[in-house]
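A short worksheet on the structure shown next.
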Amino acid sequence: MGDGKCVRIRGDKWLPDSQASRVVSPQKNFPNNTRVCALIDEERGRWLEDRVREEFLPHEAEAIINLPLSNLGTKDKLIWSATSNGCYSTKSAYHLLSMEAVVSEPGPSNPNAHNQFWRQLWSLNVSNKIRHFLWRASNDSLPTKKNLQKRNILPESTCERSGDNTEDTIHALWGCPMVKGTWWELEQCRAFSWEKFKCFRDLLQGVFAQNNSRMAELFAYIGWSIWHNRNARKFGTVTMPMEMIYTDAVQRLQEFHSAQDSPLPQEAAPHPTHWLPPPPGFYKINYDGATFQDLASAGLGVVARDSDGRVIAALSERIFLPTVQPLKPWKL
1 MGDGKCVRIR GDKWLPDSQA SRVVSPQKNF PNNTRVCALI DEERGRWLED
51 RVREEFLPHE AEAIINLPLS NLGTKDKLIW SATSNGCYST KSAYHLLSME
101 AVVSEPGPSN PNAHNQFWRQ LWSLNVSNKI RHFLWRASND SLPTKKNLQK
151 RNILPESTCE RSGDNTEDTI HALWGCPMVK GTWWELEQCR AFSWEKFKCF
201 RDLLQGVFAQ NNSRMAELFA YIGWSIWHNR NARKFGTVTM PMEMIYTDAV
251 QRLQEFHSAQ DSPLPQEAAP HPTHWLPPPP GFYKINYDGA TFQDLASAGL
301 GVVARDSDGR VIAALSERIF LPTVQPLKPW KL
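In full-length UniProt numbering, the protein residues as written are 1 to 332.
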């Protein structure tokens with residue numbers, strides 16, 4: 001970031017500590033084409049902190065305020081995020097695409113073992129968000145500091161809890177000394193609690209090898225709680241003491257199983273909601289959103305129709321949202 005005169009606040013990718021890199025905060029005080037320089041005190045070469053905090057969601061405001069500014073009044077510069085020097089190269093693009101392909105479609109040497117592993121994962125009697133978490137962890141696609149450093153979003157990858165190890169998936173969920181006490185409470189894990197696994201998938205395969213479905217399900221909830229607690233701590237929201245994670249995971253698993261066993265209540269059919277078109281010459285916009293706390297993200301959907309009910313435009317997007325924010329009150 002230079003003087004901010006060439007970068008639009010909304011639309012351009014300029015946020016340093018965000019998976020999407022684009023601003024997702026609801027628009028308040030600035031028109032669409034306002035440049036980033038409107039947020040900068042040119043004389044002092046610093047961010048107008050009060051203005052930034054008023055305009056943006058907390059996690060985006062912190063990312064902006066921590067973004068260093070040039071004191072020389074240099075112009076903005078477009079960079080390629082997949083290299084350390086910001087310059088595009090064919091090699092870096094190939095490497096980036098190759099890494100994404102590995103994450104989305106891992107190729108095992110033993111297809112039968114590969115298929116069995118995924119069948120065991122998706123057949124666990126846990127909530128969908130827990131299975132999805134295990135899938136992401138097994139594919140090494142969680143936003144750990146190591147993965148974010150690979151994408152040049154973070155400058156370093158040191159674990160903030162231990163202070164001296166690289167935070168990859170297996171360290172964040174298993175190897176960090178701060179989480180060892182939690183895993184010790186799961187008795188079936190004690191036999192291999194100090195083993196060093198190469199990746200989370202190897203660890204989960206070891207859990208499946210115990211042939212204990214309840215242990216595997218509880219393992220899944222504990223792992224999710226550790227990751228959720230890590231995110232809450234990182235973004236300054238309410239965290240659960242580590243010594244309570246095991247008890248909380250047991251309770252969550254029991255509640256899920258109880259809900260599965262309980263018959264659904266017979267409720268009266270609700271009155272159908274009828275969509276009404278706008279007056280002639282007008283358009284009606286409907287929108288909705290959902291938050292996914294375990295993934296630190298949210299989903300948005302928008303559809304615009306004319307007075308005849310025809311769809312004029314539609315949009316769906318997944319955004320980075322580390323803190324739970326109400327989506328419906330956002331002004332379009």
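C-beta atoms are modelled at their ideal positions from N, C-alpha and C, and glycine is treated no differently.
Around the beta carbon of Val238, fewer than 16 other beta carbons lie within 10 angstroms, which makes this residue exposed.
For the pair Gly175 and Lys196, the CB atoms are nearer than the 8 Å cut-off. Judged by beta-carbon spacing, Gln149 lies within the 8 Å limit of Glu156, meaning their Cβ atoms are closer than that value.
It is roughly 17 Å from the alpha-carbon of Asn128 to the alpha-carbon of Ser141. Across the set Arg35, Gly2, Asp248 and Ile312, the C-alpha of Asp248 shows the shortest separation from the C-alpha of Glu185. The continuous alpha helix (DSSP H) containing Asp248 extends over residues Ile245 to Asp261. The Cβ atoms of Ile170 and Leu203 lie closer than 8 Å to each other. For Arg318, the closest alpha carbon among the candidates Arg22, Lys75 and Cys87 is that of Arg22. The continuous alpha helix (DSSP H) containing Ala137 extends over residues Asn128 to Ser138. By the criterion of a C-beta distance shorter than 7 Å, Arg230 is surrounded in its chain by Ala172, once the five residues flanking it on both sides are discounted. Rounded to whole angstroms, the gap between the alpha carbons of Leu15 and Cys6 is 14 Å. The alpha-carbon of Asn115 is positioned some 28 Å away from that of Val250. Secondary-structure assignment with DSSP links Ile285 through a beta bridge to Ala304. Counting only the Cα atoms, Val302 lies some 11 Å from Lys284.
Sequence-distant partners of Ser193 (beyond 5 residues in either direction) whose C-beta falls short of 8 Å from its own C-beta, in its chain, are Lys180, Trp183 and Trp184. Per the DSSP secondary-structure output, Val311 pairs in a beta bridge with Arg305.
Classified as buried, His228 has 16 or more neighbouring CB atoms from the shown chains inside 10 Å of its CB. For Ala216, the closest C-alpha among the options Thr291, Cys199 and Gln120 is that of Gln120.
Distance from the CA of Asn212 to the CA of Val126, rounded to the nearest whole angstrom, comes to 14 Å. For the 8 Å CB-CB criterion, Ile130 and Ala209 do not form a contact.
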